[in-house]
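Counting in our numbering, the sequence shown runs from 427 upward without gaps. Cβ atoms here follow ideal geometry from the backbone N, Cα and C, with glycine treated the same way. Please read all numbers here as calculations on a predicted model, not as lab measurements. In what follows, a single structure is set out as structure tokens and then discussed.
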Amino acid sequence: PTGFRLLRYDTPNVMGAIPLFLELSEWPKWFPFCNQALQLEKWDESDFKPFESGLGIVRAALWHLVFKIGPFISIDTVIIAAECPGLLCTSGQLRHYIWSPEPEKADDLCLGLKLPRLDKTRALVNIRILVEWSCTAFRPLTSERGIVEY
């Protein structure tokens, strides 16, 4: 088949469009204007057991993403990205949530971690954006096609 498959299992690793989208550390290689993706913290399924939410979260990480357009504009964000592949069994969907954590106090701590401050020297205009929340749901129909909902 031609084109870029959603999922490919013919290697020891899972490959394709869905895993590439979920791997934020690789975003600077392909996502337009993404210059930096720094993982600040990560959590696995055992960290979520006490909060059994029914969302099927198995992994989450705190990321600092920086997007830059030449020397003029720098936009950064701090987000939590959570993967919910456990829903494939129940709803047939793999969901990926992102949202910006709010600092607990003026000291920029969140979940006990120091959030990075906005670097005002990156470009002429430097902006930090907050992501209220976003959910991307992937519903694979075959290895070559599926439905993506935002």
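Pull up the DSSP beta-bridge partners for residue i, would you.
i    : result
L535 : K540
T562 : H522
V504 : H490
L464 : H490
According to DSSP, is residue i helix, strand or coil?
i    : result
W456 : helix
F498 : coil
E471 : helix
L448 : helix
R571 : coil
V587 : This structure cannot speak to residue 587, because the chain is shown only from 427 to 576.
Quick one: is residue i buried, meaning 16 or more other Cβ sit within 10 Å of its Cβ, or exposed?
i    : result
E558 : exposed
A553 : One point to set straight first is that residue 553 is Ile, not Ala, in the sequence displayed. Exposed, since its Cβ has fewer than 16 Cβ neighbours within 10 Å.
F493 : buried
D534 : exposed
L537 : exposed
P566 : buried
D470 : exposed
Hey, could you find the ends of the beta strand (DSSP E) residue i is sitting in?
i    : result
R554 : 551–554
E528 : Run containing E528: none; DSSP gives neither H nor E here.
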